[in-house]
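> 301 is the number that the working numbering gives to position 281 of the sequence shown; each next residue is one higher, with no gaps.
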Amino acid sequence: MILLAGGAGYIGSHTALYLAEKGVPFAVYDNLSRGHRESALGWEIIEGDIGDAQRLAALMRDLKVDAVIHFCAYALVGESMRFPGMYYENNVANGISLLRAMVEAKVQNLVFSSSCAVYGEPSAEFIGESLPHNPVNPYGETKRIFENMLDWFDRAYGLRSVRLRYFNAAGADEKARIGESHDPETHLIPLVLKAASGERKSVSIFGTDYPTPDGTCIRDYVHVTDLAQAHLAACEYLREGGRTAAFNLGYGRGYSVREIIDACRKVSGREFAVEEAPRRPGDPPRLVADNRSIRTALPDLEFRFDDLGKIIGTAWEWEKNRRF
Ligand code: UFG
Numbered sequence: 021m022i023l024l025a026g027g028a029g030y031i032g033s034h035t036a037l038y039l040a041e042k043g044v045p046f047a048v049y050d051n052l053s054r055g056h057r058e059s060a061l062g063w064e065i066i067e068g069d070i071g072d073a074q075r076l077a078a079l080m081r082d083l084k085v086d087a088v089i090h091f092c093a094y095a096l097v098g099e100s101m102r103f104p105g106m107y108y109e110n111n112v113a114n115g116i117s118l119l120r121a122m123v124e125a126k127v128q129n130l131v132f133s134s135s136c137a138v139y140g141e142p143s144a145e146f147i148g149e150s151l152p153h154n155p156v157n158p159y160g161e162t163k164r165i166f167e168n169m170l171d172w173f174d175r176a177y178g179l180r181s182v183r184l185r186y187f188n189a190a191g192a193d194e195k196a197r198i199g200e201s202h203d204p205e206t207h208l209i210p211l212v213l214k215a216a217s218g219e220r221k222s223v224s225i226f227g228t229d230y231p232t233p234d235g236t237c238i239r240d241y242v243h244v245t246d247l248a249q250a251h252l253a254a255c256e257y258l259r260e261g262g263r264t265a266a267f268n269l270g271y272g273r274g275y276s277v278r279e280i281i282d283a284c285r286k287v288s289g290r291e292f293a294v295e296e297a298p299r300r301p302g303d304p305p306r307l308v309a310d311n312r313s314i315r316t317a318l319p320d321l322e323f324r325f326d327d328l329g330k331i332i333g334t335a336w337e338w339e340k341n342r343r344f
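Here's what the structure looks like:
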């Protein structure tokens, strides 16, 4: 039984759906502070906070949990710059309660949602796991702290973990049953598609003077269902005795903001206004994964949605038919 802590959020709910379709037993635990009740398609959401270690430990024992996927976190870079304490409290302090509960309930396999934000602003064209960790915002810092803590929990208690360092999660369930829904929305693809649908007047490009071919930032957009698949593969790796590890999770291909806007025009068939705006503080020019480690360690992983048209196509279907 896999416990999805934070399983009602964007990546958590797509992982729940993926496990449901594979017939893998799981339970969702979420305080619904940023997740959505409507994301549960026929499964229960156990409402609760990861800060409640006793309840979590009891739950893990009752449900016979043998692996936890820990998605719970605040994940907005700008917000973390304004309210760092909130990020340390939720992403670090509450996360410690989850680890304590795992130790108490003797659950030894953990898949942790980490981020390429741990690297900060690397100059490498393709980012490998061994690059230095120099986060440039409290969000990335909380992910780095938690990752480091996991090494010590392995040494002390044999709690093994896989940290998946996501690049830019994007897209939606291919049947548009669930999708991305943040309030406020700050991510590029949903914002461009809201301009395409007419929900927003225009979309802004944050910075056109970056040292990239078209002057706009480059990111490695990875489909959320491929992320979901990687979580199950990581659980299986740990269940088979795999060692604690950290893997970059991106396709190893970058697209600029302008390329994303062009692709959204093409997929939606809509015209919309685009404004050029100043840079957004803290945005590195280019973040693209070197994903060779995960491909080697989890060889059955098959990226089914490694195609910008599919990523934007599924996001567009969701945008037109969204339920929450
Ligand atoms: N952008 C725009 N206009 C917008 C929104 C975004 O030009 O209206 C640009 C950003 O400046 C950036 C790119 O589009 O260059 C992607 O921005 P997102 O906000 O979609 O994603 P980020 O790369 O900033 O953030 C993602 C995750 C974070 C994670 C971070 C790691 O969403 O959780 O990668 O750097 F921390």
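Ideal Cβ placement from N, Cα and C applies to all residues, glycine included.
Once the 5 residues before and after R342 are set aside, which same chain residues still bring their CB inside 7 angstroms of it?
Cβ within range, chain order: G199, S201.
> Does any heavy atom of the ligand UFG sit closer than 6 angstroms to the C-beta of L211?
Because some heavy atom of the ligand UFG lies under 6 angstroms away, the Cβ of L211 counts as near it: yes.
> Could you say which of S143, A36, R57, N110 lies nearest to A309 if we only look at CA atoms?
For the residues S143, A36, R57, N110, the minimum Cα distance to A309 belongs to S143.
> Which residues does DSSP pair with L23 in a beta bridge?
Answer by DSSP bridge pairing, in chain order: A47, V88.
> Do R239 and the ligand UFG come close, with the Cβ less than 6 angstroms from some heavy atom?
The answer is yes for R239.
> Sort out for me which residues DSSP pairs W267 with in a bridge.
In the sequence under discussion, the amino acid at residue 267 is Phe, which differs from the Trp named in the question. L184.
> Would you give the residue range spanned by the beta strand (DSSP E) that H243 belongs to?
Start and end: 241 to 243.
> Which residues mark the beginning and the end of the beta strand (DSSP E) in which I209 is found?
Premise fails: I209 lies in the alpha helix (DSSP H), 208 to 217, not in any beta strand (DSSP E).
> Looking at I165: is its Cβ nearer than 7 angstroms to the Cβ of V112?
Yes, the pair counts as a contact, with Cβ atoms nearer than the cut-off.
> Over what stretch of residues does the alpha helix (DSSP H) that includes I314 continue unbroken?
Element bounds for I314: 312 to 317.
> Pick helix, strand or coil for L179, following the three-state DSSP scheme.
Of the three classes helix, strand and coil, the one that applies to L179 here is coil, per DSSP.
> Do you know whose CA, among A248, P231, S224, lies nearest L184's CA?
Here the closest residue by C-alpha is A248.
> Only counting the same chain, and skipping five residues up and downstream in sequence, which positions put a Cβ closer than 6 angstroms to that of E260?
Taken in chain order, the list of residues that qualify is empty.
> In the DSSP assignment, find the alpha helix (DSSP H) that holds A118 and state where it starts and stops.
The sequence shown places Leu at residue 118, rather than the Ala named in the question. Note, L118: alpha helix (DSSP H), 115 to 125.
> To the nearest whole angstrom, what separates the beta carbons of V182 and A254, a pair I think is in contact under 8 angstroms?
So it is a contact: roughly 4 angstroms between Cβ atoms.
> Compare the Cα-Cα distances from G62 to each of S224, L39, I70, D303 and report the closest residue.
Of the candidates S224, L39, I70, D303, the one whose C-alpha sits nearest the C-alpha of G62 is L39.
> For the alpha helix (DSSP H) containing N341, list its first residue and its last residue.
It spans 328 to 341 - the alpha helix (DSSP H) in which N341 sits, taken as one unbroken run.
> Count the C-beta pairs between the segment 102 to 117 and the segment 56 to 74 that are closer than 8 angstroms, then say yes if the count reaches three, no if not.
Segments in contact, yes.
> Looking at the ligand UFG, does it come within less than 6 angstroms of C136, judged from the CB to the closest heavy atom?
At least one heavy atom of the ligand UFG is nearer than 6 angstroms to the Cβ of C136, so yes.
> Nearest-angstrom Cα distance between K195 and A297?
So the two alpha carbons sit approximately 34 angstroms from each other.
> To the nearest angstrom, report how far apart R285 and W336 are at their CA atoms.
Roughly 11 angstroms between the two C-alpha positions.
> Quick one: is F173 buried, meaning 16 or more other Cβ sit within 10 Å of its Cβ, or exposed?
Label assigned to F173: buried.
> Where do the N-terminal and C-terminal ends of the alpha helix (DSSP H) with I280 fall, by residue?
I280 -> alpha helix (DSSP H) spans 277 to 288.
> Less than 7 angstroms between C-beta atoms, sequence neighbours within five positions excluded: which residues of the same chain meet that for Q128?
Only G178, L179, R180 meet the Cβ criterion.
> Go ahead and pull the three-state DSSP assignment for I225.
The answer is strand: DSSP assigns I225 an E or B state.
> If the criterion is Cβ atoms closer than 7 angstroms, does the pair L208 and I314 meet it?
Not closer than 7 angstroms, so no.
> Would you call T162 buried or exposed, if buried means 16 or more other Cβ atoms sit within 10 Å of its Cβ?
T162 is buried by the Cβ-count criterion.
> Would you decide whether G333 is buried or exposed? Buried here means 16 or more other CB atoms lie within 10 Å of its CB.
Under this definition G333 is a buried residue.
> Based on DSSP bridge pairs, tell me the residues matched to I147.
Paired residues: A309.
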